[in-house]
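If you use full-length UniProt numbering, the sequence shown corresponds to residues 1 to 402, in order.
Beta carbons: idealized from backbone N, C-alpha and C, even for Gly.
Since this is a predicted model, take the numbers as computed values, not measurements.
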Amino acid sequence: MGGVNATRLLGPAIAVALIAAGCGDDDDSAPAPAPTETSPDGTPADSSPTGGQPPDDENGTTGSPPQTPTEGTAGPVEPTDVEEIVTGLDAPWDIAFLSDGEALVSQRDEETIVRVDDSGDVTEVGEVPGVEGEAEGGLLGIALDPNAENTLYVYATTGNENQVMRTSYENGELGEFETVLDGIPASPRHDGGRIEFGPDGMLYVATGDAGEGSNSQDRDSLGGKILRITPDGDAPDDNPFDGSPVYSYGHRNVEGLAFDDEGRLWASEFGDSTADELNLIEAGGNYGWPEVEGIPDDGGSDEYIDPVHEWSVEEASPSGLAYVEQTLFMAALRGQRLWRIPIPGGEAGEPTEHLDDYGRLRHAAVAPDGTLWVLTNNTDGRTDPREGDDRILRLTLSETEP
């Protein structure tokens, strides 16, 4: 694909800085540290799956073998070295790894999917038809079915709604597309878009409230939710609400999903003006938006599930989320850094910041070899791109203390 180049630039070790801070909506002001809080009861008793220029608002198995950290690690882990492996991408949004270690990458505004091989060479494999996105909409999440590697799922804005579609991926090309799930509200803002297969074989779909907070509390709306569907798009019999794909609700704009080794689902969520959130998802749980945002000062209400961790809206704008060896990695757009959150025993520890000199970060994903791939996002219309943007960075992970 024209304008895409592979490079191999080994950088110095990434410094670890403990801070208590976070992020959210508007990308125009410089980040400023703010206190970070941890919910005293942010971990639900049972959170594993049952059987299963508008403001900035905007992981798992994906057809690859079980992911393991860089050789010799057991977790928690932290980044030590960074290697730039691809340049010249256009607003890359998601990564799905093939079993051979190569990756498929979605490009939001070009509405195309490219393949990145193990040498960093990039080849376009197809365009997703019918995508009509503006601002935060377009071609967003992608996921390969772990039980049918040649089946690729995509989340995209099509006209006045968001849809989940699937296609085949064979011989380096995409096949015909079919709609699996439609009726997801769409807007230039708050489209969600991350999709992830769970250890139960179900597809989890993160949606935004499409700029209408009332969608989030309305269980008849697919907006402001985490949905759980079969690979064919049906609501599983063991979903928390009979006949509904809704798995959790009361979300504003979730763009990050990741399953840990215990099968628990974690989600990163854009806040409004108070706090961005890291949530541990419970089947049937109500996460409060628009009634509450962040960790309440008064201890909260039994009606809503509090975040496990929060950040100020200047430090995060959290998008993609990855899990490996008792550690979550969260990509920050406005915050322009990679947040590392140790979660030994399922409880969130103190976040540390990394990778703060590459601009906006859209997603982090763990490759089959245990390295962490990170997408920059400086060509998404929110900032001035640098020469070589956008990039894929590959980070080596090493074991550290909890």
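{"Item": "What would DSSP say about N377, mapped onto helix, strand or coil?", "Value": "coil"}
{"Item": "Can you grab the Cα-Cα spacing for the pair G130 / S187, in whole Å?", "Value": "16 Å"}
{"Item": "Give me, in chain order, the residues of the same chain whose beta-carbon lies closer than 6 Å to that of Y304; leave out the 5 immediate sequence neighbours on both sides.", "Value": "N286, G288, V292"}
{"Item": "Please report how far the alpha carbon of T158 lies from the alpha carbon of R340, in whole angstroms.", "Value": "34 Å"}
{"Item": "Please name the residue, chosen from I295, G201, L227, that lies closest to S312 on a Cα-to-Cα basis.", "Value": "I295"}
{"Item": "What does the alpha-carbon distance come out to for the pair S398 and E134?", "Value": "39 Å"}
{"Item": "Buried or exposed: where does S268 fall if 16 or more other Cβ atoms within 10 Å of its Cβ makes it buried?", "Value": "buried"}
{"Item": "Just grab the DSSP bridge partners of W266 for me.", "Value": "A258, L280"}
{"Item": "Count the other CB atoms within 10 Å of the CB of E350; is the residue buried (16 or more) or exposed (fewer)?", "Value": "exposed"}
{"Item": "Can you grab the Cα-Cα spacing for the pair V128 / I113, in whole Å?", "Value": "8 Å"}
{"Item": "Take the Cβ of E136 as the centre, count every other Cβ of all protein chains shown within 10 Å, and call the residue buried at 16 or more, exposed below.", "Value": "buried"}
{"Item": "For G172, which residues in the same chain have their Cβ closer than 8 Å to its Cβ, ignoring the five residues on either side in sequence?", "Value": "R115, T123, V125"}
{"Item": "Under 8 Å by Cβ, that's how I've got Q143 and I195 pegged, so tell me the actual separation to the nearest angstrom.", "Value": "Per the sequence shown, residue 143 should be read as Ala rather than Gln. With 8 Å as the limit, A143 and I195 qualify as a contact, their Cβ atoms being about 5 Å apart."}
{"Item": "Looking at the secondary structure, which residues open and close the alpha helix (DSSP H) in which Q217 lies?", "Value": "214 to 217"}
{"Item": "Report yes or no: do three or more beta-carbon pairs, one from the stretch 199 to 206 and one from the stretch 214 to 221, lie closer than 8 Å?", "Value": "no"}
{"Item": "Compare the C-alpha of G345 against each of L328, N378, L333, D298 and name the closest.", "Value": "L328"}
{"Item": "Please report the distance separating the alpha-carbon of G223 from that of A210.", "Value": "7 Å"}
{"Item": "Check for me: the beta strand (DSSP E) holding R340 runs from which residue to which?", "Value": "337 to 342"}
{"Item": "Leaving out five residues before and five after E102 in sequence, what residues of the same chain have Cβ atoms less than 8 Å from its Cβ?", "Value": "R115, V116, D117, D118"}
{"Item": "Go ahead and label G193 buried or exposed: buried means 16 or more other beta carbons lie within 10 angstroms of its beta carbon, across all protein chains shown.", "Value": "buried"}
{"Item": "If we count the other Cβ atoms within 10 Å of its Cβ and call it buried at 16 or more, is A322 buried or exposed?", "Value": "buried"}
{"Item": "For the stretch 157 to 234, list the alpha helix (DSSP H) runs that are entirely contained and at least 4 residues long, ordered along the chain.", "Value": "214 to 217"}
{"Item": "Closest to K225 by C-alpha separation, out of P185, G233, D242, D234, would be which residue?", "Value": "P185"}
{"Item": "Quick one: residues in its chain with C-beta nearer than 6 Å to the C-beta of T179, no 5 flanking neighbours on either side, listed in chain order?", "Value": "Q163, M165"}
{"Item": "Within 10 angstroms of the Cβ of D100, are there 16 or more other Cβ atoms? Answer buried if so, exposed if not.", "Value": "exposed"}
{"Item": "Per the DSSP calculation, V292 is bridged to which residue(s)?", "Value": "None; V292 has no bridge partner."}
{"Item": "From G271 to I281, what does the alpha carbon distance come to, in whole angstroms?", "Value": "16 Å"}
{"Item": "When you compare only the Cα positions, how much space is there between V254 and V246?", "Value": "14 Å"}
{"Item": "Between the beta-carbon of P121 and the beta-carbon of Q107, is there less than 7 Å?", "Value": "Strictly speaking, residue 121 in this sequence is Asp, with Pro absent from that position. Cβ atoms of D121 and Q107: not closer than 7 Å."}
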